[in-house]
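Everything on this sheet refers to the single structure shown next.
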Amino acid sequence: QALSQDNGLNITQIALGYLLNQPFPVVPIVGSKNTEQLADTLSAADVKLTADQVDGLSEVKAGF
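Residue numbers are given in our numbering: position 28 of the sequence shown equals residue 1295, and the series is strictly consecutive.
Right, dumping it as structure tokens:
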């Protein structure tokens, strides 16, 4: 939630931004039910996360 509030991003943008900021090729398969979801999905291509943010998300992911 802090990452979302600090950067003005929603969960879709954060999740896709995380995937696209990996050091290996990732091709997320996404679907959109409306134009708002499509806009969020497309804008994720421009999300630039810092190394610390990616590391923090990786730590959270490891807990699941």
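Glycine included, every Cβ here is placed at the ideal spot set by N, Cα and C.
Cβ pair residue i, residue j closer than 8 Å
i: PRO1292; j: LEU1286; result: no
i: PRO1284; j: VAL1327; result: Correcting the residue type first, residue 1284 is Gly in the shown sequence and not Pro. Their beta carbons are not under 8 Å apart, which means GLY1284 does not touch VAL1327 by this criterion.
i: ASP1319; j: GLN1280; result: no
Span separating the alpha-carbon of residue i from that of residue j
i: GLY1275; j: ASP1322; result: 19 Å
i: THR1302; j: ALA1311; result: 14 Å
i: ALA1329; j: ASP1273; result: 22 Å
Residue i in three-state terms, based on DSSP
i: SER1271; result: helix
i: SER1310; result: helix
i: VAL1327; result: helix
Residue burial classification, residue i (beta-carbon count within 10 angstroms, cutoff 16)
i: ILE1278; result: exposed
N- and C-terminal bounds of the alpha helix (DSSP H) containing residue i
i: GLN1289; result: Run containing GLN1289: none; DSSP gives neither H nor E here.
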